[in-house]
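Worksheet: one structure, shown below.
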Amino acid sequence: MSTVVHTGELLRHPVYTRVLHWSVAIFFILSLLSGFAIYSPWLFHGLTAILGGGPMTRLLHPWFSLGFVISFALQILNWIEPMTWTADDRRWLRRLKAYVSNEETLEPEYVDFFNAGQKLYFWAIVVSALVFFVSGIPMWFPRTFGRTVVAISYVLHDLAALVMLIGFIIHVYEGTAAQPGTFTSMTRGTVEKRWAWTHHPAWYRRVTGRDPRADYE
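Residues 27 to 243 in the working numbering are what the sequence shown lists, from first letter to last.
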């Protein structure tokens, strides 16, 4: 993963990664909203109207979901290497409480492009997306599958969607209010060097050749 150094900034996510990220986000939101409209037409009747009515909503939902699955599959391929679990990630988990409570300003020096928390979130979404996709097939083609399979698929589909929704909310919070400066990595693609050495010291050292602790001090 190549990184270009700008004045005072580092390129964290190239254009391709950002396009994939926002494609995943847009298709997920469309899938979520259309799913809400199908799940409870009475409660979300406004969404149903925006999407063109009940039949159109039911028609669009699987295609929105397919767009989400395809774009996320490409993101998995794009991030498979930096998301691979390492021994350092197990070390990081032992300080999870300190991370969540923001007790420490700096991440440990071994934290690279992603920390263990980000990796856990990523793989949880991978599993949920797989369940979401597989369970959605019998729902899309109910006549091909028996009633039992379709009924089980509805339950699994809803559970997977719920996990992804909770993860999405946490992801938005962590990428904005919890860690200022993170959001620009997915808009302009860059982060400030201070952000890099604070949150991902090993990555900072790898792409700049400088000691993040010395730069921080």
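Glycine included, each C-beta is placed from N, C-alpha and C at the ideal position.
CA-to-CA distance, residue j to residue i, given in whole angstroms
i    : j    : result
T112 : V152 : 18 Å
T83  : S154 : 23 Å
S28  : Y125 : Caution applies to S28, whose pLDDT of 45 falls short of 50 and renders its modelled position unreliable; the value that the coordinates give is listed next. Roughly 28 Å separates the two Cα atoms.
G193 : G34  : 32 Å
Y65  : I55  : 15 Å
G143 : W229 : 16 Å
F209 : T202 : 6 Å
A177 : L37  : 47 Å
W89  : W68  : 23 Å
W223 : Y199 : 21 Å
R231 : S211 : 18 Å
V137 : I196 : 20 Å
G72  : S91  : 20 Å
R121 : T234 : 26 Å
H225 : P206 : 11 Å
Given residue i as reference, the closest of the options once Cα atoms are compared
i    : options               : result
H39  : K219, H226, G215      : G215
F167 : V198, K123, L85       : L85
E264 : K123, W149, H71, R117 : Because the chain spans 27 through 243 in this model, residue 264 falls outside it and cannot be assessed.
L105 : R44, A75, G93, F70    : Note that residue 105 corresponds to Trp in the displayed sequence, not to Leu. Nearest of R44, A75, G93, F70 to W105, Cα basis: R44.
Y180 : A150, M165, A63, G80  : M165
V95  : F62, D114, L46        : L46
Residue burial classification, residue i (beta-carbon count within 10 angstroms, cutoff 16)
i    : result
P238 : buried
G78  : exposed
E4   : Given a span of 27 to 243 for the chain in the structure shown, any question on residue 4 remains unanswerable.
S127 : exposed
H87  : buried
Y42  : exposed
K145 : buried
P227 : buried
T110 : exposed
L119 : exposed
A75  : exposed
Per DSSP, cross-strand counterpart(s) of residue i
i    : result
V217 : L36
Can you find at least 3 beta carbon pairs, one from the segment 43–55 and one from the segment 98–109, that sit closer than 8 Å? yes
- Message: Under 8 Å, with one C-beta from each stretch per pair, do the segment 217–233 and the segment 166–175 reach the 3-pair mark?
- Response: no
Segment contact flag, the segment 161–169 with the segment 177–186, C-beta cutoff 8 Å, min 3 pairs
yes
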